[in-house]
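> My questions all concern the structure below.
There are 2 protein chains.
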Amino acid sequence: QGEDVVSGVRTPHDLGEMREGMPATHAQLMEILRTLEAHYKDMQDTEFTVEDGRLYMLQTRNAKRPAQAAVRFAVDSVEEGLLTRPQAIATIDADTLDALLHPTFGRDAEYEVLARGVNASPGAAKGEIVFTAADAVEKADAGRDVILVRPFTEAEDVAGFFAACGIVTSEGGKASHAALVARGMGRPCVSGAAALEIDLAAKEVRVSGTTLQEGDLIVIDGTSGIVTTDDVALVDPDADPNFEQVLEWADGLRRLGVRTNADTPEDARKAREFGAEGIGLCRTEHMFLASDRQPKMRTMIMARTEADRRAALDELLPHQQADFEGLFEEMSGLPVTIRLLDPPLHEFLPSAEEVATDLEHARMEENADEVRELERTLERIHELAETNPMIGTRGVRLGILHPEIYEMQVAAITQAALAVRERAGAAPELEVMIPLVAYEQELELMRGLVERVVEQRGGGDLVLTIGSMIELPRACFVADRIARSADFFSFGTNDLTQTGLGFSRDDIEGRILSRYIDRKILDRSPFETIDKPGVGWLVRLAAWTGREEKPDLKLGICGEHGGDPDSVAFFHMAGLDYVSCSPYRVPIARIAAAQAAVASAQGEG
Amino acid sequence: QGEDVVSGVRTPHDLGEMREGMPATHAQLMEILRTLEAHYKDMQDTEFTVEDGRLYMLQTRNAKRPAQAAVRFAVDSVEEGLLTRPQAIATIDADTLDALLHPTFGRDAEYEVLARGVNASPGAAKGEIVFTAADAVEKADAGRDVILVRPFTEAEDVAGFFAACGIVTSEGGKASHAALVARGMGRPCVSGAAALEIDLAAKEVRVSGTTLQEGDLIVIDGTSGIVTTDDVALVDPDADPNFEQVLEWADGLRRLGVRTNADTPEDARKAREFGAEGIGLCRTEHMFLASDRQPKMRTMIMARTEADRRAALDELLPHQQADFEGLFEEMSGLPVTIRLLDPPLHEFLPSAEEVATDLEHARMEENADEVRELERTLERIHELAETNPMIGTRGVRLGILHPEIYEMQVAAITQAALAVRERAGAAPELEVMIPLVAYEQELELMRGLVERVVEQRGGGDLVLTIGSMIELPRACFVADRIARSADFFSFGTNDLTQTGLGFSRDDIEGRILSRYIDRKILDRSPFETIDKPGVGWLVRLAAWTGREEKPDLKLGICGEHGGDPDSVAFFHMAGLDYVSCSPYRVPIARIAAAQAAVASAQGEG
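Going down the list, the protein sequences come from chains A and B. The first sequence: position 233 = 461 (my numbering), numbered continuously. The second sequence: position 458 = 686 (my numbering), numbered continuously.
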């Protein structure tokens, strides 16, 4: 009979009926439940059955609570003297707290579900349908709320993420580009809503007999993965005093610092509200994707000579400096880690296929000028095209090939810091970070470059340290040598996962991941939670050998894993100084860091 | 004055003049030279000067000898009792021996150098210029000798390498695709002959005022990197009895086995002549590139359903079986390691840009049928296209996604082995190898598949073991777990270098390598000689932990490094059982393995 209950063959009765029908057994049950709750010090999810008037207890476990209930339980149980603060913090499932930080569908909202997808990034959003990043930017500039709807997204769509209130895709899961970028920016996202047939050419969405056009209203709930066309009322999250209380306790308990990944003043401000203690990763390339910079960036890339490239860089410098000033003003007095240009240059150019199509068109129309121009562009695209850009000409390799790019960036950083110090009285603590280092000589050369440019630009008295991303397996093995030129390491666990596992994130997620989960090879994406046996070992190895060479080496992590509670616990154990995650994950990381400290203190007895 | 000699400011005199002019000093010098040679037990390259009648010895070091002199010196010095066999073997520079195994320009050949490039793969070759793999195949089929001339080569050009006598490129160095494939096949290759302006569209080569057309004669020397249009006589290498003697001694000294990487009966036969003790890597994908298989392979890939895919695979099976039979006949009684399909499927399809151009053309000509067909092809290419194919859907991931492909291959292997045993009395020792394993469950699943199909096809009594490529960093960390399902490991050091260093071979070589060598970050390509601090550690880690789990685990290496003497020494120290290299590197690996054994015996006292 017990199995019948668990397997759902029998329909359970209401507890009220039991009190009426068998009061003695009911009283016995209530007594047992009180004992269980006192013993486990947590709300219990208990299964029992009554056979021939006799009570059988089947199983009990800590109950999963929605976020609001979880923080209330934690605060209440401390106030009632049932739990200590560390014990109370340990009862919270940090992953669920996301729900407290985003707008949601109203409690009594009624709506018809148009499609279901993956709950890729939490929160609800509504707006007009747009199909391209350019349309998103245009309409957003005109003050409209838009939702970006695409089969899948790529790097060139990122401007659209900034502009949109939310994102929907018909392909991909929690580790898709759309999901990762949306979570990083705190934009609600439903991915892999496969029922939506998204026709970019016709600019329409066909779904179960209806057709939606550009401009039609769409509403999404990224917390539950729901898409609807009903005008559901969205409710802003209230500041929850219990949550605030729990976060304050967490800060008193945790050893790990919590920073944020932020590229814009808005993100930085939001993250500080959420308790971020600095910026752990500012990706400077996002600054080149805005519509007023992209043409200048392309000119720089198309340049054939160093002189032409330097001229184009001189044009970019004021933009880059202005971006840094905005960020630095938000973060004065706090550490800001700035990663120099990382992605391959061809990411800033149009696709070869696109240009080849235009070229064939121009040829058949015998438009000689256009043919010549397009041929030149295509040639440069071919020159720069790479078979495997993720492991090609990017990161520090760009700095070695074209030092003038990094020189411009360091000049912009220095001048921005000086200007902000002048205006606001204090600059941030600058941490210049070199990406994709594999050889100690790479960092040594780039350290020389940074120090020289900072000095030249009059920044000699700024608080400025220089460090290395650790995101390649080789770097972990030679971390002691790299540490000689590094003031800090920041683990880029996204790329370390890509190289350590041989998993191209863009490719693996859509094709392999679900099959691997089906076949029980994986239970979660290694881009969501750190792969401890492989990537985790690499992190530990680098932490140990790096600190052996330089005991005061600062260690942080700025991959997607910085916002995952399981991974945060691992980083605590590995001895890191801080984690850095997207703004909306900061409160979660604060709780997770406290839980890790509590757990390891228990382990120590 | 000493410095003047070394720096070349003074022109040295002839030794004959010295004997005439200053006989006493000359006699003193001769005495010193004899002492030095006896002490260092090797021919000496010595610098000295005479100032005011007084003899100053400046420096001395072991002399570099050309290959023929080196083996003669080794044999002579043993016969004269000057050196023991181990000592004599140690005097040889194994890297130079290549020259003894390939045709060369005649000793007195006179010719005008048309262009110089990198000596990418040794040996001389002559033939008619062709510009495409298809032309190479066509002309070779018609009995003509051809040289393939291209700016650079890619995977789709490989059929042209088989057909051509030699390869010339205007771009890329020793680690370019052309160089690696040419060395692997023993085809002479000059790469990076930058003076050649190769115009594929016009099918001509422009160089210093001349223009060469398709069909014109060209002669190359891959040992020296020379290209000429003069009809130089080529001389086949004589069987050198000294070399044979040295190789025989080496076989008595070495502990490492030496196998070959071979995909065809011709390569296998050649390698056995050179002393290979089996095949360490048979790449089954090369079997699908031949012109009669490619259409069937494309049908398989374009298939939308498993049933269609199985039907196309049934068509491929007899071809694959016939290929295996040819190979197995050459290797009966010896081990043959067969790697199941490894590259991403889109490598067998045309490029998106090519199809997009054709499609735009067909659209403008309003050819509706062609438009439809091309649209379908382009759609499939887009579906399969990957951002980073090297770390995308390939290797065991294909086997997990489409088990029917591996099933066909295992059926072909089993049936071929049974047929050869029937005909020739003995099949080889089969070693079925699963590529790109990162998770132990991957190998476990594929082991089940292989065992099942072998049994189904009646191969239960064949000598057949199952193992794993180790070519991803994660695999090295979990080698003990992988070893539970593996009879052997074969280190794929090419891919382990790509992932461990984050270096896409196709991209890094052309753009980064020379700059890195200039900046003294690297001294040789890590694809040529193993990167000991990073990749080497990964190899050792996997060897140790794998053997800890399974002490009799067989360990080999089948990357390009198996033919590099420095790397061979490393693999000896790491405890591997064998190295596998391209046929023409086999004698070099035999010598290098003996040298490693001698050196480590010395180290032990």
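Beta carbons are placed, not taken as given, at the ideal position from N, Cα and C, and that holds for glycine.
(1) Which one or two residues does DSSP pair with Phe552 (chain A) in a beta bridge?
(2) What are the start and end residues of each continuous beta strand (DSSP E) run of 3 or more residues lying completely inside the region 482-566 of chain A, in chain order?
(3) Keeping to the same chain, check which residues put their C-beta closer than 7 Å to that of Ala406 (chain B); ignore five residues upstream and five downstream.
(4) Under 7 Å Cβ to Cβ from Trp772 (chain B), same chain only, skipping five residues before and after it: list those, please.
(5) Under 8 Å Cβ-Cβ, which residues of chain B neighbour Arg608 (chain A)?
(6) When you compare the region 423-435 of chain B with the region 264-276 of chain B, are there three or more beta-carbon pairs, one atom per stretch, that lie closer than 8 Å?
(7) At a CB-CB cut-off below 8 Å, which residues of chain B make contact with Lys748 (chain A)?
(8) Alpha carbons only, please: which of A:Gly720, A:Gly450, A:Asp464 and A:Ala410 is nearest the one belonging to Gly623 (chain A)?
(9) So which residues on chain B does Ser732 (chain A) lean against when the C-beta distance must stay under 7 Å?
(10) Is Phe705 (chain A) close to chain B? Criterion is C-beta to C-beta, closer than 7 Å.
(11) According to DSSP, what are the bridge partners of Thr397 (chain B)?
(12) Please report how far the alpha carbon of Lys367 (chain A) lies from the alpha carbon of Glu494 (chain A), in whole angstroms.
(13) Rounded to whole angstroms, what's the CA-CA distance from Phe576 (chain B) to Met413 (chain B)? Just pull it up for me.
(14) If you draw a straight line from the C-alpha of Ile619 (chain B) to the C-alpha of Arg733 (chain A), how long is it?
(15) Can you name the residues that DSSP bridges to Phe719 (chain A)?
(16) Does Leu629 (chain A) have its Cβ less than 7 Å from a Cβ in chain B?
(17) Rank B:Leu261, B:Asp759 and B:Ile609 by C-alpha distance to the C-alpha of Glu582 (chain B) and give the top, closest one.
(18) Rounded to the nearest angstrom, how far is the Cβ of Leu700 (chain B) from that of Thr727 (chain B), given a contact under 8 Å?
(19) At least one CB of chain A closer than 7 Å to the CB of Trp772 (chain B): is that the case?
(20) At a Cβ threshold of 7 Å, is Gly236 (chain A) touching chain B?
(21) What separation, rounded to the nearest whole angstrom, lies between the Cα atoms of Val460 (chain B) and Ala410 (chain B)?
(22) Are there three or more Cβ pairs, one per stretch, closer than 8 Å when the region 775-794 of chain A is compared with the region 448-465 of chain A?
(23) In or out: His630 (chain A) buried (at least 16 other Cβ within 10 Å) or exposed?
(24) State yes or no: is the beta carbon of Met592 (chain A) nearer than 7 Å to at least one beta carbon in chain B?
(25) Whose CA, out of B:Ile529, B:Leu376 and B:Pro546, lies closest to the CA of Met636 (chain B)?
(26) Chain A beta carbons: is any one of them nearer than 7 Å to that of Val233 (chain B)?
(27) The region 572-585 of chain A: which residues have C-beta closer than 7 Å to a C-beta of chain B, in chain order?
(28) For chain B, find out if any of its Cβ atoms is closer than 7 Å to the Cβ of Glu501 (chain A); answer yes or no.
(29) What are the boundary residues of the beta strand (DSSP E) that Phe276 (chain B) is part of?
(30) Could you give the residue range of the beta strand (DSSP E) that holds Ser742 (chain B)?
(31) With 16 other CB atoms within 10 Å as the buried threshold, where does Ser828 (chain B) fall?
(32) So is Ile837 (chain A) in contact with chain B if we call contact Cβ pairs under 7 Å?
(33) Quick one: is Ile740 (chain A) near chain B, going by C-beta distance under 7 Å?
(34) If contact means a Cβ-Cβ distance below 7 Å, which residues of the region 624-648 of chain A contact chain B?
(35) Between which two residues does the alpha helix (DSSP H) harbouring Leu257 (chain A) extend?
(36) Quick one: measure Cβ to Cβ for Asp715 (chain A) and Gly695 (chain A), integer angstroms, because I've assumed they're closer than 8 Å.
Reading it off the structure:
(1) Translated into positions along the first sequence, residue 552 (chain A) becomes position 324. In DSSP, Phe552 (chain A) forms no bridge with anything.
(2) Runs of the beta strand (DSSP E) inside the region 482-566 of chain A: 485-489 and 507-511.
(3) Your numbering for residue 406 (chain B) matches position 178 in the second sequence. Correct list, in chain order: Ala348, Phe380, Thr381, Ile395, Thr397, Gly400, Cys417 and Ser419.
(4) By 1-based counting over the second sequence, the position of residue 772 (chain B) is 544. Same-chain partners within the cutoff: there are none.
(5) The sequence position of residue 608 (chain A) within the first sequence is 380, counting from 1. Going along chain B, no residue has its Cβ under 8 Å from Arg608 (chain A), so there is no contact; the nearest lies around 14 Å.
(6) no
(7) Locating residue 748 (chain A) in the first sequence gives position 520, where the first residue counts as 1. Going along chain B in sequence order, the residues near Lys748 (chain A) (Cβ under 8 Å) are Gln669.
(8) Walking along the first sequence from the start, residue 623 (chain A) turns up at place 395. Among A:Gly720, A:Gly450, A:Asp464 and A:Ala410, the Cα nearest to that of Gly623 (chain A) belongs to A:Gly720.
(9) As a working mapping, residue 732 (chain A) is identified with position 504 in the first sequence. Within 7 Å Cβ-Cβ: Glu614, Thr615, Asn616, Ile619 and Gly620.
(10) One-based indexing of the first sequence puts residue 705 (chain A) at position 477. Chain B, which has a Cβ nearer than 7 Å to the Cβ of Phe705 (chain A), makes this yes.
(11) Working through the second sequence from its first residue, we reach residue 397 (chain B) at position 169. Its beta-bridge partners are B:Arg378.
(12) Here residue 367 (chain A) refers to the residue found at position 139 when the first sequence is read from its first residue. Here residue 494 (chain A) refers to the residue found at position 266 when the first sequence is read from its first residue. Roughly 20 Å between the two C-alpha positions.
(13) As a position in the second sequence, residue 576 (chain B) is number 348, starting the count at 1. As a position in the second sequence, residue 413 (chain B) is number 185, starting the count at 1. For Phe576 (chain B) and Met413 (chain B), the gap between their C-alpha atoms comes out near 21 Å.
(14) Looking up residue 619 (chain B) in the second sequence gives position 391. Looking up residue 733 (chain A) in the first sequence gives position 505. Computed Cα separation, rounded: 9 Å.
(15) One-based indexing of the first sequence puts residue 719 (chain A) at position 491. Per DSSP, A:Ile698 and A:Ile785.
(16) Mapped onto the first sequence, residue 629 (chain A) falls at position 401. Output row for Leu629 (chain A): interface = yes.
(17) Taking the first residue of the second sequence as position 1, residue 582 (chain B) is located at position 354. Nearest of B:Leu261, B:Asp759 and B:Ile609 to Glu582 (chain B), Cα basis: B:Ile609.
(18) The residue labelled residue 700 (chain B) in the question sits at position 472 within the second sequence. The residue labelled residue 727 (chain B) in the question sits at position 499 within the second sequence. Correct: roughly 6 Å between the Cβ atoms.
(19) Within the second sequence, the letter at position 544 stands for residue 772 (chain B). With 7 Å as the cut-off, Trp772 (chain B) does not count as an interface residue toward chain A.
(20) Along the first sequence, one-based indexing puts residue 236 (chain A) at 8. Confidence at Gly236 (chain A) is low in this model, with a pLDDT of 44, below 50, so the placement of that residue is unreliable and no value is reported for it.
(21) As a working note, residue 460 (chain B) is residue 232 in the second sequence. As a working note, residue 410 (chain B) is residue 182 in the second sequence. C-alpha separation (whole angstroms): 21 Å.
(22) no
(23) As a working mapping, residue 630 (chain A) is identified with position 402 in the first sequence. Its Cβ being crowded by 16 or more others within 10 Å, His630 (chain A) is buried.
(24) What you label residue 592 (chain A) is simply residue 364 of the first sequence in a count that begins at 1. Yes, contact with chain B.
(25) If you number the second sequence from 1, residue 636 (chain B) lands on position 408. Of the candidates B:Ile529, B:Leu376 and B:Pro546, the one whose C-alpha sits nearest the C-alpha of Met636 (chain B) is B:Pro546.
(26) Along the second sequence, one-based indexing puts residue 233 (chain B) at 5. Any reading at Val233 (chain B) is ruled out, since the residue's pLDDT is 47, under 50, leaving its predicted position unreliable.
(27) Ala580, Glu581, Ala584 and Thr585
(28) The residue you call residue 501 (chain A) lines up with position 273 of the first sequence. Not closer than 7 Å to any Cβ of chain B, the Cβ of Glu501 (chain A) fails to qualify, so no.
(29) Taking the first residue of the second sequence as 1, we reach residue 276 (chain B) at position 48. Per DSSP, Phe276 (chain B) belongs to the beta strand (DSSP E) from Gln272 to Glu279.
(30) For the purposes of this step, residue 742 (chain B) is taken as residue 514 along the second sequence, with counting starting at 1. No beta strand (DSSP E) contains Ser742 (chain B), which is instead part of the alpha helix (DSSP H) from Ser742 to Asp746.
(31) Stepping through the second sequence from its first residue, residue 828 (chain B) is reached at position 600. Looking at its Cβ environment, which holds fewer than 16 other Cβ atoms inside 10 Å, Ser828 (chain B) is exposed.
(32) Look at the range of chain A in this structure, 229 to 833, and you will see that residue 837 (chain A) is not part of it.
(33) Reading the first sequence from its first residue, position 512 is the one you call residue 740 (chain A). Taking Cβ atoms only, chain B reaches closer than 7 Å to Ile740 (chain A), which makes this a yes.
(34) The residues in question are Arg625, Ile628 and Leu629.
(35) Residue 257 (chain A) sits at position 29 when you count from the first residue of the first sequence. Counting along the chain, the alpha helix (DSSP H) containing Leu257 (chain A) begins and ends at Pro251 to Tyr268.
(36) Sequence index remark: in the first sequence, residue 715 (chain A) carries index 487 (1-based). Sequence index remark: in the first sequence, residue 695 (chain A) carries index 467 (1-based). Contact holds; Cβ gap of about 5 Å.
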